[in-house]
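Novice: Below you will find the structure I want to go over with you.
2 protein chains.
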Amino acid sequence: MNTREQHIMRDLHQRLDLCSINTATLGHREPIGRVIDRVADAGFGGIAPWRRDLEGEDVSAIARRIEARGLTVTGYCRSTYLPAATREQFARNIADNKAALHDAATLGARCFVMVVGGMPDGSRDIEGARAQVSDGIGALLDTARELRVPLALEPLHPMYAADRSVINTVAQALHLCEAIDPGSSGFLGIAVDAYHCWWDPALADSVAAAGRAGRLLAFHVCDWLRDTRDMLLDRGMMGDGVIDLRALRRCVEDAGYDGLVEVEIFSQANWWRREAVEILGTCAHRLQAVC
Amino acid sequence: MNTREQHIMRDLHQRLDLCSINTATLGHREPIGRVIDRVADAGFGGIAPWRRDLEGEDVSAIARRIEARGLTVTGYCRSTYLPAATREQFARNIADNKAALHDAATLGARCFVMVVGGMPDGSRDIEGARAQVSDGIGALLDTARELRVPLALEPLHPMYAADRSVINTVAQALHLCEAIDPGSSGFLGIAVDAYHCWWDPALADSVAAAGRAGRLLAFHVCDWLRDTRDMLLDRGMMGDGVIDLRALRRCVEDAGYDGLVEVEIFSQANWWRREAVEILGTCAHRLQAVC
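So the protein sequences, as listed, match chains L and R.
According to our numbering, the first sequence holds residues 116 to 406 in order.
According to our numbering, the second sequence holds residues 116 to 406 in order.
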């Protein structure tokens, strides 16, 4: 059993092998094959591709390429939103996610990142949407277990509660995990993203509880810019915002997380306008300097 | 003692006397005297002015005018932010708030609305800012008690945690109230604003607990637009967004809240471009139709 002493925070200095790049960080501007090479060439130990990266590609070939470059797939992004206005649409959403889980398995992904979806258009029933999410995850868990790909529920910042995710805190995600998978099968857990969770006064307690339950499946970093200009595409590079990322990583690692630290930055007006080499170099520097 | 039976939700139909207008809803475009008349003429029972409305005005004269029109002052907006980079600035923030509390008392305000402030510029220490907020509220409570003006902590949406408020949930605000004022003096409580709190999975429990503690001092409504364009100034009119406002009012009134329902809408690109008469008429209609 893990003891507290075993969870001394890792030193990321010269350890980019402990770090992963989510492909969104580069803005989805190049073919996935090129991105795999760039990430590996820069010395990172992992990559987290999106479904859009694999459109029109041979998933098995991509998986081989990732493996050949020695990269861990820290997560596969991301689920089709679950809540729907009709039963038929809900069923299609489940089917879409099952198909994506097969690709996640092919890629050898450490988890399938579940951004669960907001409220259906025109709805004012957030609790109803949350109930659909619970049903949907329940419907996917068997497939996840069969394919050996854990589902990682990613609580999204409350500013996305209407349109992207009705799961908004780690505590809420953990509560859902315990309700759906009380025996902790190992195939249902949580992705903790600094951007979404940093503000939460209950975060330290929630992360510790998630760790005790063996539910910490991923850890994403970027920064919250004080003067955020866009609610979706203005995330900051680590060190450029207000989040104490080292304290947060300590919290997550103290709770037992021993996976990679994944950088996920959406930045239309800044980083996505820069060269991939510059983005990756800055990520590497900042991971070691401030995370 | 209140029993649950006494808390049957009020019917707002033909009861605009139970409703209040926060002057921000009209965009601060006219002198406060004119706004008082407009709000009273439209049949509302209350008004919540901002400090900026009173700049250069005789506060006692404004207070007499509000009273003459039969309006309740449901809140006085709002506190100077508390967290500061230096002790001197912190002391000035406290002094500013004490001065504002005197004006709140002159106005006969039901509460002084505390938007507590974010992290000082350049800081990454949200817990430090929260500690300063706690100290600051403690420093103001005696003045509030002497002046008989309750402090209403308003938890702000987590998207404002960096720059406007490090208090972000009702549960957190209640915890702070209990720590600072364990005997429940009656001069420290909470303002529940639909816009800030609607997403919170713990909201019903938190509001019930705040009600049991006698801490519910104000209830603000507007709506969260699914396609929010601006993080500060794009609040929706009740009924135009995703919040189940009637369910939320039921929750607040079930918890014992018996004050007025206050409309507070910041809407630079929409409502603030319309005539005051249209805004007030729409508020009146929507309060009765959807709240």
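Each residue gets a CB set at the ideal place from its N, CA and C atoms; glycine is no exception.
None of these values were measured; they are calculated from a predicted model.
Write down the C-beta distance between S135/L and V376/L rounded to the nearest angstrom, noting that I regard them as a contact closer than 8 Å.
Specialist: Along the first sequence, one-based indexing puts residue 135/L at 20. Along the first sequence, one-based indexing puts residue 376/L at 261. Yes, they are in contact, since the Cβ atoms of S135/L and V376/L sit about 7 Å apart, within 8 Å.
Novice: Using the beta-carbon of each residue, which ones in chain L are nearer than 9 Å to A214/R?
Specialist: The count along the second sequence starts at 1 and reaches residue 214/R at position 99. By Cβ distance, chain L contributes nothing, its closest Cβ being about 28 Å from A214/R, past 9 Å.
Novice: Would you mind working out which of V405/R, A319/R, A200/R sits nearest D369/R, comparing C-alpha positions?
Specialist: Counting from 1 along the second sequence, the entry for residue 369/R is found at position 254. Among V405/R, A319/R, A200/R, the Cα nearest to that of D369/R is on A319/R.
Novice: Can you pull the chain L neighbours of N283/R, defined as C-beta to C-beta under 8 Å?
Specialist: Residue mapping note: residue 283/R aligns to position 168 of the second sequence, counting from 1. In chain order: W314, D315, P316.
Novice: What's the gap between the Cα of C398/L and the Cα of L348/L?
Specialist: Working through the first sequence from its first residue, we reach residue 398/L at position 283. Working through the first sequence from its first residue, we reach residue 348/L at position 233. If I take the Cα positions, the gap works out to 17 Å.
Novice: Report the CB separation of R279/R from G233/R in whole angstroms; it is logged as a contact under 8 Å.
Specialist: Numbered from 1 along the second sequence, position 164 holds the residue referred to as residue 279/R. Numbered from 1 along the second sequence, position 118 holds the residue referred to as residue 233/R. Right, the Cβ-Cβ distance comes to about 5 Å (below 8 Å), so this counts as a contact.
Novice: List the endpoints of the continuous alpha helix (DSSP H) containing G396/R.
Specialist: As a working mapping, residue 396/R is identified with position 281 in the second sequence. Unbroken alpha helix (DSSP H) run through G396/R: 391 to 405.
Novice: From F381/L to M346/L, what does the alpha carbon distance come to, in whole angstroms?
Specialist: By 1-based counting over the first sequence, the position of residue 381/L is 266. By 1-based counting over the first sequence, the position of residue 346/L is 231. About 10 Å.
Novice: Just list the residues that DSSP pairs Y196/R with in beta bridges.
Specialist: Against the second sequence, residue 196/R aligns to sequence position 81. Y196/R pairs with nothing; no bridge assigned.
Novice: Taking DSSP's pairing of strands, which residues face G232/R in a bridge?
Specialist: Locating residue 232/R in the second sequence gives position 117, counting from the first residue. Per DSSP, S280/R.
Novice: Answer with yes or no whether the minimum CB distance from M346/R to chain L is below 9 Å.
Specialist: Counted from its first residue, the second sequence places residue 346/R at position 231. Yes, M346/R counts as interfacial toward chain L.
Novice: Is it buried or exposed for E379/L, if we count other Cβ within 10 angstroms and need 16 for buried?
Specialist: If you number the first sequence from 1, residue 379/L lands on position 264. Buried is the call here.
Novice: At least one CB of chain R closer than 9 Å to the CB of R167/L: is that the case?
Specialist: As a working note, residue 167/L is residue 52 in the first sequence. No - not a single Cβ of chain R is within 9 Å of the one on R167/L.
Novice: Find the residues of chain L that neighbour H272/R, judging by a C-beta separation of less than 9 Å, and give them in chain order.
Specialist: Indexing the second sequence from 1 puts residue 272/R at position 157. Near H272/R (Cβ distances below 9 Å), the residues of chain L are P273, M274.
Novice: In three-state terms, what does DSSP make of Y275/L?
Specialist: For this step, residue 275/L is matched to residue 160 along the first sequence. Helix, per DSSP.
Novice: Should L127/L and C406/L be called a contact, given that it needs their Cβ atoms to be closer than 9 Å?
Specialist: Taking the first residue of the first sequence as position 1, residue 127/L is located at position 12. Taking the first residue of the first sequence as position 1, residue 406/L is located at position 291. Yes, Cβ-Cβ distance for L127/L and C406/L is below 9 Å.
Novice: May I ask you to report which of helix, strand or coil DSSP gives S135/L?
Specialist: Counted from its first residue, the first sequence places residue 135/L at position 20. S135/L: strand per DSSP, three-state reduction.
Novice: Under a CB-based cut-off of 9 Å, is V357/L close to chain R?
Specialist: Here residue 357/L refers to the residue found at position 242 of the first sequence. So yes, V357/L belongs to the interface.
Novice: Once you ignore the five residues that flank L363/R on each side, which residues in its own chain have a CB closer than 7 Å to its CB?
Specialist: Your numbering for residue 363/R matches position 248 in the second sequence. Result list for L363/R: A309, W313, in chain order.
Novice: Mapping the DSSP letters down to three states, classify F334/L as helix, strand or coil.
Specialist: In the first sequence, residue 334/L corresponds to position 219, counting from 1. Of the three classes helix, strand and coil, the one that applies to F334/L here is strand, per DSSP.
Novice: Buried or exposed for Q129/R, going by 16 or more other Cβ atoms inside 10 Å?
Specialist: The residue labelled residue 129/R in the question sits at position 14 within the second sequence. When all chains shown are included, Q129/R counts as exposed.
Novice: Please go through the segment 355 to 391 of chain R and give each complete alpha helix (DSSP H) segment of 4 or more residues, from N-terminal end onward.
Specialist: List check, alpha helix (DSSP H) in window: 360 to 369.
Novice: Three-state secondary structure (DSSP) at I123/R?
Specialist: Locating residue 123/R in the second sequence gives position 8, counting from the first residue. I123/R falls in the coil class under three-state DSSP.
Novice: Measure from the C-beta of S321/L to each C-beta in chain R and report whether the shortest distance is under 9 Å.
Specialist: By 1-based counting over the first sequence, the position of residue 321/L is 206. No, its Cβ sits nowhere closer than 9 Å to a Cβ of chain R.
Novice: Report the CB separation of G253/L from I295/L in whole angstroms; it is logged as a contact under 8 Å.
Specialist: By one-based count along the first sequence, residue 253/L stands at place 138. By one-based count along the first sequence, residue 295/L stands at place 180. Indeed, because the Cβ distance is near 5 Å, the residues count as touching under 8 Å.
Novice: Starting from M352/L, find everything on chain R with Cβ-Cβ shorter than 9 Å and list it in chain order.
Specialist: For the purposes of this step, residue 352/L is taken as the residue at position 237 of the first sequence. Per Cβ cutoff of 9 Å: no residues; M352/L is ~14 Å from chain R at best.
Novice: Take the Cβ of T201/R as the centre, count every other Cβ of all protein chains shown within 10 Å, and call the residue buried at 16 or more, exposed below.
Specialist: Start at 1 with the first residue of the second sequence, and residue 201/R comes out as number 86. Its Cβ having fewer than 16 others within 10 Å, T201/R is exposed.
Novice: Using the beta-carbon of each residue, which ones in chain L are nearer than 9 Å to M234/R?
Specialist: The residue given as residue 234/R occupies position 119 in the second sequence. Neighbours of M234/R on chain L, chain order: R341, V357.
Novice: When Cβ atoms are compared, which residues of the segment 234 to 248 of chain R fall closer than 8 Å to chain L?
Specialist: Listed in sequence order: M234, D236, S238, R239, D240, I241, R245.
Novice: Would a C-beta distance cut-off of 9 Å place V264/R and A199/R closer than the cut-off?
Specialist: The residue given as residue 264/R occupies position 149 in the second sequence. The residue given as residue 199/R occupies position 84 in the second sequence. It is not a contact, given that the beta carbons lie outside the stated cut-off.
Novice: Buried or exposed for A176/L, going by 16 or more other Cβ atoms inside 10 Å?
Specialist: Position 61 of the first sequence holds residue 176/L. Classification for A176/L: exposed.
Novice: Please classify D236/L: is it buried, with 16 or more other beta-carbons within 10 angstroms of its beta-carbon, or exposed?
Specialist: On the first sequence, position 121 is the one that residue 236/L refers to. Per the 10 Å Cβ criterion, exposed.
Novice: Please tell me whether G304/R and A267/R are closer than 9 Å, where the distance is taken between their beta carbons.
Specialist: Taking the second sequence and counting its residues from 1, the one referred to as residue 304/R is at position 189. Taking the second sequence and counting its residues from 1, the one referred to as residue 267/R is at position 152. The answer is yes: Cβ separation under 9 Å.
Novice: Go ahead and pull the three-state DSSP assignment for V264/L.
Specialist: Here residue 264/L refers to the residue found at position 149 of the first sequence. Note: V264/L maps to coil in three-state DSSP.
Novice: Could you have a look at L216/L and say whether DSSP puts it in helix, strand or coil?
Specialist: The residue labelled residue 216/L in the question sits at position 101 within the first sequence. L216/L falls in the helix class under three-state DSSP.
Novice: Where does F205/R fall in DSSP's three states?
Specialist: Locating residue 205/R in the second sequence gives position 90, where the first residue counts as 1. The answer is helix: DSSP assigns F205/R an H, G or I state.
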